[in-house]
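Residue numbers (this note's numbering): 245 to 360.
The structure is reproduced here in structure tokens:
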């Protein structure tokens, strides 16, 4: 009988070499300048935060974006709750309820039902 599927590669043929912790540390030090001849580290521009709000953002745009973010939270929480049982499911559904309440408040401001 002829075998139509090929044999898997031999274990020694697989690339299993891993970089050692020492080598990884050395690469990081070299990259960040810790081992530079003058001992100076490069200046790295690190952002103060990962999320910033544009100063010229209008209140309506901010509320609309908040509304969209809350819709994503609600959808994600529902999806998560479907895969949980017991108290964890109840906790996820509580998060849905809280997000829906916040969404309703933001919607009411956008629809000018509440004063800003």
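Yeah, the Cβ is synthetic: ideal placement off N, Cα and C, and Gly gets one too.
- Per DSSP, the continuous alpha helix (DSSP H) segment holding residue 304 begins and ends at 303-326.
- In the structure shown, the three-state DSSP call for residue 265 is helix.
- The three-state secondary structure of residue 271, taken from DSSP, is helix.
- Counted as a single uninterrupted DSSP element, the alpha helix (DSSP H) harbouring residue 352 occupies residues 330-354.
- Inclusion of residue 350 and residue 321 in the CB contact set at 8 Å is not warranted, their separation being larger than that value.
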